[in-house]
Amino acid sequence: MSDNTIRQFISFTIGDEEYGVDIMAIREIKGWTASTALPNAPAYMRGVINLRGAIVPILDLRARFGRGVTDASARHVIMVVAVGNRVAGLLVDAVADILAVPGDDIQPVPQLEHAAAGFLTGLVTVEGRMVALLDLDHVFAFDEMDLSEINTDAAA
Amino acid sequence: MAEDQSYDLSRFKATYFEECAELLASAEETLSRLQDGEGSVEDLNAVFRCVHSIKGGGGAFAFEDLVHFAHVFETSMDALRSGRVQLTPHVAEILVRGNDVLGDFVRAAQEGETLPPDHGAEVKTQLAAILTGDADTPAPAARPAPVAAPAAVPSGFATWTIRLTPAPGLLRTGNDPLLMIRELSGLGEMKVAVDRSRLPLLADMDAQTAYLAWTFTLVTDKGRAAIEEVFEFVAGDSADVVIEQTGQPVEAEEGDGWGLFAPIPPTPDAPPAAAAPTHQGTVGHPAAPATSAKGQEAGAGGIHTSSIRVDLDRVDRLVNMVGELVITQAMLGQQASGFSIESHPELVQGLQELSHHTRELQESVMAIRAQPVKALFSRAPRLVRDLSTKLGKQARLVMSGEGTEVDKTVIEQLSDPLTHLIRNSLDHGIETPEERIAQGKPAEGTIHLAAEHRSGRVVIQVSDDGKGIDRKRVLEKAIEKGLVDRGAQMTDEQIDQLIFAPGFSTAAVVSDVSGRGVGMDVVRKNIQDVGGRVVVQSTPGQGSRFILSLPLTLAVMDGMLVAVGNERYVLPLTNIVESLRPTAQQARTLVNVGDVLTLRGDYIRLIRLYELFGIKNAITDTTRGLVVVVETEGGDRIGLLVDELLGQQQVVIKSLDSNYRPVEGISAATILGDGRVALILDVGALRIMGERLMSGAQLVAAASPQAAE
Numbered sequence: 000m001s002d003n004t005i006r007q008f009i010s011f012t013i014g015d016e017e018y019g020v021d022i023m024a025i026r027e028i029k030g031w032t033a034s035t036a037l038p039n040a041p042a043y044m045r046g047v048i049n050l051r052g053a054i055v056p057i058l059d060l061r062a063r064f065g066r067g068v069t070d071a072s073a074r075h076v077i078m079v080v081a082v083g084n085r086v087a088g089l090l091v092d093a094v095a096d097i098l099a100v101p102g103d104d105i106q107p108v109p110q111l112e113h114a115a116a117g118f119l120t121g122l123v124t125v126e127g128r129m130v131a132l133l134d135l136d137h138v139f140a141f142d143e144m145d146l147s148e149i150n151t152d153a154a155a
Numbered sequence: 004m005a006e007d008q009s010y011d012l013s014r015f016k017a018t019y020f021e022e023c024a025e026l027l028a029s030a031e032e033t034l035s036r037l038q039d040g041e042g043s044v045e046d047l048n049a050v051f052r053c054v055h056s057i058k059g060g061g062g063a064f065a066f067e068d069l070v071h072f073a074h075v076f077e078t079s080m081d082a083l084r085s086g087r088v089q090l091t092p093h094v095a096e097i098l099v100r101g102n103d104v105l106g107d108f109v110r111a112a113q114e115g116e117t118l119p120p121d122h123g124a125e126v127k128t129q130l131a132a133i134l135t136g137d138a139d140t141p142a143p144a145a146r147p148a149p150v151a152a153p154a155a156v157p158s159g160f161a162t163w164t165i166r167l168t169p170a171p172g173l174l175r176t177g178n179d180p181l182l183m184i185r186e187l188s189g190l191g192e193m194k195v196a197v198d199r200s201r202l203p204l205l206a207d208m209d210a211q212t213a214y215l216a217w218t219f220t221l222v223t224d225k226g227r228a229a230i231e232e233v234f235e236f237v238a239g240d241s242a243d244v245v246i247e248q249t250g251q252p253v254e255a256e257e258g259d260g261w262g263l264f265a266p267i268p269p270t271p272d273a274p275p276a277a278a279a280p281t282h283q284g285t286v287g288h289p290a291a292p293a294t295s296a297k298g299q300e301a302g303a304g305g306i307h308t309s310s311i312r313v314d315l316d317r318v319d320r321l322v323n324m325v326g327e328l329v330i331t332q333a334m335l336g337q338q339a340s341g342f343s344i345e346s347h348p349e350l351v352q353g354l355q356e357l358s359h360h361t362r363e364l365q366e367s368v369m370a371i372r373a374q375p376v377k378a379l380f381s382r383a384p385r386l387v388r389d390l391s392t393k394l395g396k397q398a399r400l401v402m403s404g405e406g407t408e409v410d411k412t413v414i415e416q417l418s419d420p421l422t423h424l425i426r427n428s429l430d431h432g433i434e435t436p437e438e439r440i441a442q443g444k445p446a447e448g449t450i451h452l453a454a455e456h457r458s459g460r461v462v463i464q465v466s467d468d469g470k471g472i473d474r475k476r477v478l479e480k481a482i483e484k485g486l487v488d489r490g491a492q493m494t495d496e497q498i499d500q501l502i503f504a505p506g507f508s509t510a511a512v513v514s515d516v517s518g519r520g521v522g523m524d525v526v527r528k529n530i531q532d533v534g535g536r537v538v539v540q541s542t543p544g545q546g547s548r549f550i551l552s553l554p555l556t557l558a559v560m561d562g563m564l565v566a567v568g569n570e571r572y573v574l575p576l577t578n579i580v581e582s583l584r585p586t587a588q589q590a591r592t593l594v595n596v597g598d599v600l601t602l603r604g605d606y607i608r609l610i611r612l613y614e615l616f617g618i619k620n621a622i623t624d625t626t627r628g629l630v631v632v633v634e635t636e637g638g639d640r641i642g643l644l645v646d647e648l649l650g651q652q653q654v655v656i657k658s659l660d661s662n663y664r665p666v667e668g669i670s671a672a673t674i675l676g677d678g679r680v681a682l683i684l685d686v687g688a689l690r691i692m693g694e695r696l697m698s699g700a701q702l703v704a705a706a707s708p709q710a711a712e
């Protein structure tokens, strides 16, 4: 059965790679602000920030994919997304594009030896670039988070 | 279209369930009075109304099981209030159970669950049996005489003067006076006089407001209860109803009755102001003795309502806004701290006033959420009664300070722990009557439930005069369960606190009351969840006392801001005992024990916060840093090594788990004056983390490998 529903994504970059998040999940995009570190959290947890009175956790996507902790500067971007009843932030390098993708064009994720593979729902090719679509539910599964990957640099 | 309807319905449903909760609670309270044999016919009516209202609303939403059960319940209640069946203690107990089952149905309907088809079947049969218990008496009349008006000869005709003054909001609650008038006129011969005195000018009139009042003169053989039934759903809240018997009961024909009272003047022409006096003149009897209790209540409450029903969400939004205001005020204070009163007198003074007003506003807003603990205590009498019967013990419940107010959330969270503590006192504390007499105590034990405000917190105590904690057995059990090392030196207080350890239970026999070992640790956890502490004091042979100390509110607290490396944390002020910069002699590291602090002869475990949390750039030399001595809920003291104290401030408590997950050692988060987030330390959890850290690298849980550093 063909799926011609057009879905919109906001794409962003981490290094040379481009990732997409469903536009409906995105609450806002803001510049990096210093976060408060959480004790004994994994390295990819960058702590929490104050988003108009709400305490919002920030996840470093680069670190989540196992490529080291992002050296965050004012030019880095936090994408604030809603996952279920929760609001959380994704630290990424830069916002790239807004994509409109027909459902049929979304390809399944091949079995890859890629740290990010488990966090993806599909792949699309836009103007020759490959964009990996994120599975936010999985990325933000804090309750299943493995606390053994402790971040000892969080306080830096 | 269909969606719109379901949306609307869900809103009505929410209101319905809210009302159900209130009705069930009020029915329960009344029923417990009936059970004590202190009830009146009015109480029976009140319960009937509650059940009837629940049934009516349930029918509107097609909750069939609920309606079916409520109907059986209602039928039994009707038989009782009409006097067909006598209210015996046994019947009262069935009613109490009926109310519980009705509550189950309401909850099931609210959560969209389906209860097993036989749920409450036994109670239903018992309720029905109340009716059949009456079956052997002579066949009852269609509507037998009510017991409510013993003065009236039930079979005779009497003249009644009924005054109906609707509250302005009557129409908006879906009641229609016309229907009531029609029903009333169906009871007998009736004359009506209207009181237009409240009628405003046409220009000022609100079509949805009830302005008129009526005086009815009714000749009927039906009795007071039948008249009261007409106004059943409006009396008290929505209208002022006064029912007076003005004419003597007459055995003979109707006609004779008419001579007993003067006809009412043609009212449409009467000046509005004269309506009331006319009515008084007509009555000719002093009003007071005949006025029903209901009428008096309505008169006192009157048309003016002294309370309003507000959605909790709205109050919470208000609480949140005040929280934001507190943060903004802290920010302004911080910004202006550089200004002296000499250079900017108005600014500094204005900020001080702002600070006072903010605090006052915050206290007022918190007061909205405050509720008397009475709501919490009201279940206790039944619990004690039921359990003492079940356990074959005799116990008396004494309550004090029911009027003490606490935040609604605290009350909700306390319900289970308090139930458990009472159960525990009855099960493990109070001895059997034989044992008590043998020890020279009265056969009946006493459980005291007390609430009071004490230095910004609420203290709730559950004490009993039972046997107290058997420390020897507690210690044995703790060693057996591996909670304590054999040979460990423990003070009596420390042993007492062991009963709060997870999986601990000393009951020799596991009863269905308590003794499964899942009680006390849950009690402590529930209380800690709302920022409270629980301590136990016990004297062998004389009883135990559980002391629950709770914050008045959950939204704002006083905290001390401390710095560790580049991080800032908030310590709850209530935990802090003192702070000091230890000398080299005071702070020592002992082999197998870890860091300790000598303080006036006491040894206090020293916890290095930077070590626990893996913080860089912190002061590691105890003699250069600061030690804050804090007290945990168990009464233990520990010293926390921090870099410095940054100052005291009010902080607004923000949940960390609503967007993230609980973090060990942290109870919540807050926002500081500069907009940054600071984490609030959980002293009790820090103590546990500290002990784990000290107990050696080999035992360190996988969750904190940084301890190996």
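Note that the protein sequences, when read in sequence, are chains A and B. With the working numbering applied, the first sequence corresponds to residues 0 to 155, in that order. With the working numbering applied, the second sequence corresponds to residues 4 to 712, in that order. Don't be surprised by glycine CBs; every beta carbon is placed ideally from N, CA and C.
In terms of CA proximity to B:R227, B:S85 leads the group B:S85, B:V94, B:H347. Between the C-alpha atoms of B:S582 and B:Q651 there is a straight-line separation of about 13 angstroms. Of the other Cβ atoms in all chains shown, fewer than 16 fall within 10 Å of the Cβ of B:V401; this residue is therefore exposed. S658, L659, S661, N662, Y663, R664, V666, E667, G668, I669, A672: these are the residues of the region 658-672 of chain B whose beta carbon lies less than 8 angstroms from some beta carbon of chain A, given in chain order. In the three-state scheme derived from DSSP, where H, G and I count as helix and E and B as strand, B:T33 is classed as helix. Shown here for B:G668: same chain residues with a beta carbon closer than 8 angstroms to its own, the five before and five after excluded, namely L615, F616, L684, D685, A688, L689, M692 in chain order. Per DSSP, B:D598 is not a residue of any alpha helix (DSSP H); the beta strand (DSSP E) it occupies stretches across 597-602. Rounded to the nearest angstrom, the Cβ distance from B:L394 to B:L421 is 18 angstroms, too far for a contact under 8 angstroms. The C-beta separation of B:T625 from B:L609 comes to about 7 angstroms, placing the pair in contact by the 8 angstroms criterion.
Contact note: A:V55 reaches chain B through N662, using a C-beta cutoff of 7 angstroms and chain order. In this structure, DSSP gives B:K225 a state outside helix and strand, which the three-state scheme calls coil. Between B:G191 and B:V222, the C-beta gap is smaller than 7 angstroms, which places the two residues in contact. For B:E327, the residues of chain A that pass the 7 angstroms Cβ criterion are G52, in the order they occur in the chain. At a Cβ-Cβ threshold of 7 angstroms, A:N84 and B:V680 do not count as neighbours. Residues of the same chain with a CB within less than 6 angstroms of the CB of A:I54, apart from the 5 flanking positions on each side, are V47 in chain order. A:I5 places its beta carbon less than 7 angstroms from that of A:P101.
Membership of B:S418 in any beta strand (DSSP E) is not indicated; the residue belongs instead to the alpha helix (DSSP H) covering 411-427. If you ignore the 5 residues before and after B:P92, its C-beta comes within less than 8 angstroms of the C-beta of Q38, G40, all in its own chain and listed in chain order. Membership of B:E647 in the beta strand (DSSP E) is indicated by the continuous run 647-655. Neighbours of B:L564 in chain A, taken as residues at a C-beta separation under 7 angstroms, are lacking, since the least C-beta distance is about 13 angstroms. Within chain A, the residues placing a beta-carbon under 9 angstroms from that of B:I674 are N49, G52, I54, ordered along the chain.
When CB distances to chain B are screened at a threshold of 7 angstroms, the residues of the region 83-109 of chain A falling below it are R85, V86, A87, in chain order.
Between B:M80 and B:V99 a beta carbon distance of about 12 angstroms is seen, past the 8 angstroms cut, so the two are scored as non-contacting. Taking all protein chains in view, the Cβ of B:I450 is crowded by 16 or more other Cβ atoms within 10 Å, so the residue is classified as buried. In chain order, T35, V47, I48, N49, I54 make up the part of chain A whose C-beta sits under 7 angstroms from the C-beta of B:V680. Under the three-state reduction of DSSP output, A:N49 falls in the strand class.
With its beta carbon at least 7 angstroms from every one in chain B, A:P41 lies outside the interface.
In terms of CA proximity to B:F219, B:V244 leads the group B:L576, B:L205, B:V244, B:I440. Segment contact: the region 493-509 of chain B against the region 524-543 of chain B, three or more CB-CB distances shorter than 8 angstroms; contact assigned. Note that the region 412-426 of chain B touches the region 458-478 of chain B; at least 3 beta-carbon pairs, one per stretch, sit closer than 8 angstroms. Closest by C-alpha distance to B:I330, out of B:M697, B:L675, B:L682, B:L417, is B:L675. By the CB criterion at 7 angstroms, B:A621 and B:V565 fall outside the cutoff.
Rounded to the nearest whole angstrom, the C-alpha separation of B:D103 and B:A24 is 12 angstroms.
Distance from the CA atom of B:A481 to the CA atom of B:R695, rounded to whole angstroms, is 18 angstroms.
Look at the region 564-578 of chain B: the residues with a C-beta under 7 angstroms from a C-beta of chain A are G568, N569, E570.
Short of 7 angstroms from the beta carbon of B:T361, and not among the five residues preceding or following it, lie these beta carbons of its own chain, in chain order: L328, V329, Q332.
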